[in-house]
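Below is one structure; the comments refer to it alone.
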Amino acid sequence: MTNQELIRCFETDTLPEDSFHHADHVHLAFAYLSQYPAIEALDKFSAALKRYAAARGKSQLYHETITHAYFFIIRERMARASAVDSQAVDSSPADSRVTDWDDFARRNPDLLAWKNGILTRYYHEATLRSDLARAVFLFPDKRF
């Protein structure tokens with residue numbers, strides 16, 4: 002399925018509900034980032050997730066901090082991959098865009114793990130469980 006097809010299926014609510022898990026969220030964020038500038042992609046992605054949850058009577062499951070944090074980690078990884086790839090072929094990073102999901106997923110398996118996933122590096126568990134983190138984006142609260 003192409004990035005455009007994934008977005009269309011998600012926005013038209015034609016993806017099977019039982020098949021939309023953490024890795025699928027990451028894939029969807031990747032798809033939006035492959036098709037739109039970052040801020041527009043975040044707006045579209047967040048709105049689509051909220052509609053998806055609301056349509057299932059599960060609006061309380063939407064989590065702003067987790068959504069935004071993963072989104073920008075994915076964006077950073079895509080940009081780093083584009084920069085590396087563009088250096089390898091001697092073109093500018095702006096000319097190169099990572100759009101192949103399978104390659105991205107293979108290079109970033111840590112983003113696909115939910116339990117003890119990447120956000121545990123950046124956030125205390127209590128922070129992510131808070132109502133505030135669910136409602137608004139909170140910056141990471143762990144020190145390195």
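The sequence shown begins at 2 in our numbering and counts up by one. We treat Cβ as the ideally placed atom computed from N, Cα and C, and that holds for glycine.
Of the residues Glu41, Ser131, Ala49, Phe31, the one whose Cα lies closest to the Cα of Asp103 is Phe31. In its chain, beyond the 5 residues on either side, Cys10 have a beta carbon closer than 7 Å to the beta carbon of Leu16. DSSP, read as helix, strand or coil, puts Lys51 in helix. Leaving aside the five residues that flank Leu43 on each side, the residues in its chain whose CB is nearer than 6 Å to its CB run, in chain order, Phe72. For Arg108, the uninterrupted alpha helix (DSSP H) segment begins and ends at 102-108. Here Ala70 is buried: its Cβ has 16 or more other Cβ atoms, across all protein chains shown, within 10 Å.
Under the 8 Å Cβ criterion, the stretch 45-64 does not count as touching the stretch 106-123, having fewer than three qualifying pairs. Boundaries of the alpha helix (DSSP H) around Leu7: 4-12. Taking C-beta atoms as the reference points, Leu7 and His28 count as a pair closer than 8 Å. Scanning the stretch 27-80 from its first residue to its last, the whole alpha helix (DSSP H) runs of 4-plus residues come out as 39-56. The DSSP-derived three-state label of Ala114 is coil.
Per DSSP, the unbroken alpha helix (DSSP H) holding Thr128 starts and ends at 126-130.
Measuring C-alpha to C-alpha distances from Met79 to each of Pro38, Ala49, His64 identifies Pro38 as the nearest.
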